[in-house]
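Q: Next up is a structure, given as structure tokens.
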Amino acid sequence: NAGVTQTPKFRVLKTGQSMTLLCAQDMNHEYMYWYRQDPGMGLRLIHYSVGEGTTAKGEVPDGYNVSRLKKQNFLLGLESAAPSQTSVYFCASSPRASVQETQYFGPGTRLLVL
Amino acid sequence: KQEVTQIPAALSVPEGENLVLNCSFTDSAIYNLQWFRQDPGKGLTSLLLIQSSQREQTSGRLNASLDKSSGRSTLYIAASQPGDSATYLCAVISGGSNYKLTFGKGTLLTVNP
Chain A
802 NAGVTQTPKF RVLKTGQSMT LLCAQDMNHE YMYWYRQDPG MGLRLIHYSV
852 GEGTTAKGEV PDGYNVSRLK KQNFLLGLES AAPSQTSVYF CASSPRASVQ
902 ETQYFGPGTR LLVL
Chain B
5 KQEVTQIPAA LSVPEGENLV LNCSFTDSAI YNLQWFRQDP GKGLTSLLLI
55 QSSQREQTSG RLNASLDKSS GRSTLYIAAS QPGDSATYLC AVISGGSNYK
105 LTFGKGTLLT VNP
């Protein structure tokens, strides 16, 4: 199993450009999550999904949209990138609610917005 | 609002030393507490998960304890090795949510040969 994979690994955007980050998991997990990690801030939840076709807002959802059309994929979109969205983005998945199970993380996507 | 604090922010020790990393949380109504490891430029790897009803978990040279009433957890690493060098993150599930992890900022551990 590849586990959780993220595409791309690194990207540079100009302010106002759009892009989509792709997360894929091959573990048949129900729950999927998008986090951002910033120096001095720790990891913060952006959006999450509890199953195919569902999405919900996390702690810092503004400026991002998500979709979960297929169970194995969770997409994170930036419609109009801003320098404040420069960060490392991590996707994670878990078989069910994290009270019982840990989350499995992807390797991250480094995004620089100029 | 749950807040998770990790002390120290950075720690440097010689190889072979036993060490303790600390984690504290403000809201004791947690469902579980997890310790993760993050290597530079990589994602997070789960090390130990302690349910709220448990007091400790062990995996190899790692032992994590949980004192829910005092809002504290410790990660004990025995006989440290250079390969243990990484950032260690503590996270809790709380606040009526069964999925939302609240993370600390981590402790950067360096084990010197």
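Which chain is which? The protein sequence lines are A and B, in order. Residues in the first sequence are numbered consecutively from 802, following my numbering. Residues in the second sequence are numbered consecutively from 5, following my numbering. Cβ atoms here follow ideal geometry from the backbone N, Cα and C, with glycine treated the same way. Fair warning: this is a prediction, and the values are worked out from it, not measured in the lab.
Ignoring anything shorter than 3 residues or poking outside the segment 880-910 of chain A, list the beta strand (DSSP E) runs there in chain order.
A: You should have 888-895.
Q: Would you mind reading off the limits of the beta strand (DSSP E) that contains SER89 of chain B?
A: Neither: SER89 of chain B is in no beta strand (DSSP E) and is coded neither H nor E.
Q: Please confirm if the segment 812-820 of chain A is in contact with the segment 877-896 of chain A, defined as three or more CB-CB distances below 8 Å between the two stretches.
A: In short, these stretches touch, since the Cβ pair count reaches three.
Q: Quick one: Cα of GLU853 of chain A to Cα of VAL867 of chain A, how far?
A: Their backbone Cα atoms lie some 12 Å apart in a straight line.
Q: If you reduce the DSSP assignment to three classes, tell me which class HIS848 of chain A lands in.
A: Correct three-state label for HIS848 of chain A: strand.
Q: Can you give me the Cβ contacts of SER2 of chain B inside the same chain, cut-off strictly under 7 Å, excluding the 5 residues immediately before and after it?
A: Nothing can be reported for residue 2 of chain B: it is not among the residues displayed for chain B, which extend from 5 to 117.
Q: Going by the CB atoms, is the gap between SER28 of chain B and ARG76 of chain B shorter than 8 Å?
A: Cβ distance < 8 Å, so ARG76 of chain B and SER28 of chain B count as in contact.
Q: Check this for me: beta carbons of LEU844 of chain A and TYR836 of chain A, under 8 Å apart or not?
A: For LEU844 of chain A and TYR836 of chain A, yes; Cβs fall inside 8 Å.
Q: Chain A partners of LYS1 of chain B, CB-CB under 8 Å?
A: Only positions 5 to 117 of chain B appear in the structure, and residue 1 of chain B is not among them; the question remains open.
Q: Say whether chain A places a C-beta atom closer than 8 Å to the C-beta of TYR103 of chain B.
A: At least one chain A Cβ lies under 8 Å of TYR103 of chain B.
Q: I'd like the list of long-range same chain contacts for ARG869 of chain A, defined as Cβ closer than 8 Å, with 5 residues on each side in sequence excluded.
A: Counting only Cβ-Cβ distances below 8 Å, and skipping sequence neighbours, we find MET833, SER850, GLY852, GLU853, GLY854, THR855, THR856, PHE875 and LEU876.
Q: Can you name the start and end residues of the beta strand (DSSP E) that ALA825 of chain A belongs to?
A: Per DSSP, ALA825 of chain A belongs to the beta strand (DSSP E) from 820-826.
Q: Could you check the C-alpha separation between GLY864 of chain A and PHE811 of chain A for me, to the nearest Å?
A: About 19 Å.
Q: Using 8 Å for Cβ pairs, my map puts GLY99 of chain B next to GLN10 of chain B. What's the rounded Cβ distance?
A: Not a contact, Cβ separation roughly 19 Å.
Q: State the Cα-Cα distance for the pair TYR92 of chain B and ASN67 of chain B, rounded to the nearest angstrom.
A: Straight-line Cα distance between these residues: approximately 13 Å.
Q: Tell me ASN829 of chain A's beta-bridge partners as DSSP assigns them.
A: Partner(s): none; ASN829 of chain A has no beta bridge.
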